[in-house]
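Asks: Below is a structure I'd like to ask you about.
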């Protein structure tokens with residue numbers, strides 16, 4: 001992939017974040033998601049790449065745009081052939097309610113490198129680079145905490161585990177507390193939470209829990225860029241979901257998936273723009289006089305370069321915004 005693609009991709013997440021931010025706190029999650037999706041799709045047409053959506057808004061009969069298999073990029077593009085995984089608005093309910101941790105996210109990899117994860121549950125754990133190569137998803141939770149504490153040169157009581165606040169996670173939460181480690185709960189938006197475990201300044205040491213498989217692959221691309229580590233396992237809920245895993249080429253639908261299984265090769269690009277304030281990024285801020293501020297992160301696995309991008313946008317000069 002060409003390195004210029006990284007900065008082009010962050011322009012796409014910026015536009016999706018700007019479009020969806022208009023719906024912050026208005027109680028209309030479908031409108032927020034639609035605005036983000038329309039803006040993101042329009043911006044992809046300006047990018048010099050030949051992309052194929054491998055994780056998107058659904059199958060062709062489920063989504064009018066950014067559907068799985070859709071071709072993206074400028075019509076005359078001569079750029080690289082890539083897999084594209086998108087979540088135009090990670091946290092539709094978050095935006096509708098005006099809560100934290102909503103983002104627009106994109107992951108890009110060379111053609112054939114991103115796992116075509118089905119829309120089902122996935123058990124996931126993520127750690128930063130100090131604990132990379134030392135984790136095992138099948139270990140008991142108390143052992144996971146000991147391993148991460150040793151790798152990060154911390155006492156067990158100083159380890160922070162970030163977990164989505166769901167009933168299905170209560171046993172994990174109870175075990176972490178019994179072990180003496182700290183728990184940080186979050187509502188929605190597990191991509192940002194998984195990435196936060198790989199950034200030292202967040203103070204988070206371990207991400208653990210069950211969430212969406214597509215979000216897991218997007219997170220894996222970011223974690224590869226950060227030098228962290230991730231393991232996962234699909235959690236099919238019925239025979240139909242199990243059969244879909246087998247059609248993907250997973251003879252054992254509940255096999256361990258390593259970071260390399262989810263993002264093959266040594267290169268990937270990840271970009272995200274905050275819609276509301278979160279662990280990773282600040283949200284969109286309206287400054288008056290038609291000026292709006294966005295905060296983004298963009299990174300590349302091959303170079304391990306991480307850029308935080310603060311941008312000021314004049315809304316009067318953004319004709320592609322869905323709500324203008």
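Residue numbers (full-length UniProt numbering): 1 to 324.
Idealized CB from N, CA, C, for every residue including glycine.
Would a C-beta distance cut-off of 8 Å place residue 103 and residue 203 closer than the cut-off?
Replies: Contact annotation: residue 103 and residue 203 have beta-carbon atoms that are not nearer than 8 Å.
Asks: Mind the definition here: the region 276 to 292 touches the region 245 to 262 only if three or more C-beta pairs lie below 8 Å; say whether that holds.
Replies: no
Asks: Helix, strand or coil: which one does DSSP assign to residue 174?
Replies: Helix, per DSSP.
Asks: By Cβ distance, which residues of its chain are closer than 6 Å to residue 209, with the 5 residues on each side in sequence left out?
Replies: 163, 164, 169
Asks: Note the first and the last residue of the continuous beta strand (DSSP E) segment covering residue 229.
Replies: Looking at the DSSP string, the run of the beta strand (DSSP E) that includes residue 229 is 229 to 235.
Asks: Between 12, 67, 266, which lies nearest to residue 214 when the distance is taken from Cα to Cα?
Replies: 67
Asks: So, do the region 285 to 294 and the region 108 to 126 have three or more beta carbon pairs nearer to each other than 8 Å?
Replies: Because the criterion of three Cβ pairs below 8 Å is not met, the region 285 to 294 and the region 108 to 126 do not touch.
Asks: So, helix, strand or coil for residue 99, using DSSP?
Replies: coil
Asks: Considering only residues of the same chain and omitting the five flanking positions on each side of residue 309, which have a CB-CB separation below 7 Å?
Replies: Within its own chain, the residues whose Cβ lies closer than 7 Å to the Cβ of residue 309, once the five positions on either side in sequence are excluded, are 10, 296, 298, listed in chain order.
Asks: Taking 8 Å as the threshold (C-beta atoms), are residue 197 and residue 207 in contact?
Replies: yes
Asks: Measuring alpha carbon to alpha carbon, tell me which of 63, 51, 23, 246 ends up nearest residue 82.
Replies: 51
Asks: Using a Cβ-Cβ cutoff of less than 8 Å, which residues in the same chain neighbour residue 157 once the five nearest sequence positions on both sides are dropped?
Replies: Closer than 8 Å at Cβ, skipping near neighbours: 180, 181, 182.
Asks: Examine chain D for any beta-carbon lying closer than 8 Å to the beta-carbon of residue 147, and answer yes or no.
Replies: Checking the listed chains, one finds no chain D in this structure; it contains a single protein chain.
Asks: Please classify residue 247: is it buried, with 16 or more other beta-carbons within 10 angstroms of its beta-carbon, or exposed?
Replies: exposed
Asks: In the DSSP assignment, what are the bridge partners of residue 314?
Replies: 291
Asks: Just to check my reading of the structure: residue 266 and residue 231 have Cβ atoms closer than 8 Å, yes? What is that Cβ distance to the nearest angstrom?
Replies: Rounded, the Cβ-Cβ distance is 19 Å, inconsistent with contact.
Asks: Note the first and the last residue of the continuous alpha helix (DSSP H) segment covering residue 160.
Replies: Run containing residue 160: none in the alpha helix (DSSP H); it sits in the beta strand (DSSP E), 160 to 164.
Asks: Pull the bridge partners of residue 50 from the DSSP assignment, please.
Replies: The beta-bridge partner set that DSSP reports for residue 50 consists of 81.
Asks: Need the endpoints of the alpha helix (DSSP H) that residue 44 sits in, please.
Replies: 29 to 44
Asks: When every heavy atom of the ligand GDP is checked, does at least one fall within less than 7 Å of the C-beta of residue 195?
Replies: Only the bare structure without any ligand can be found here, which leaves the ligand GDP out of the picture.
Asks: So residue 74 and residue 47 are supposed to be a Cβ contact under 8 Å. How far apart are they, rounded?
Replies: At roughly 6 Å, the Cβ-Cβ gap stays under 8 Å, so residue 74 and residue 47 are in contact.
Asks: Give a yes or no on whether the C-beta atoms belonging to residue 191 and residue 90 are separated by under 8 Å.
Replies: yes
Asks: Would you say residue 289 and residue 100 are within 8 Å of each other, going by their C-beta atoms?
Replies: No; because the gap between Cβ atoms is not below 8 Å, this pair is not in contact.
Asks: Can you give me the start and stop residues for the beta strand (DSSP E) that residue 223 sits inside?
Replies: First-last for residue 223: 213 to 226, but that is the alpha helix (DSSP H), not the beta strand (DSSP E).
Asks: With distances taken from CA atoms, which of 117, 225, 5 is nearest residue 54?
Replies: 117
Asks: Going by alpha carbons, who is nearest to residue 113 out of 177, 268, 21?
Replies: 268
Asks: Considering residue 149, what are the terminal residues of the alpha helix (DSSP H) in which it resides?
Replies: 141 to 151
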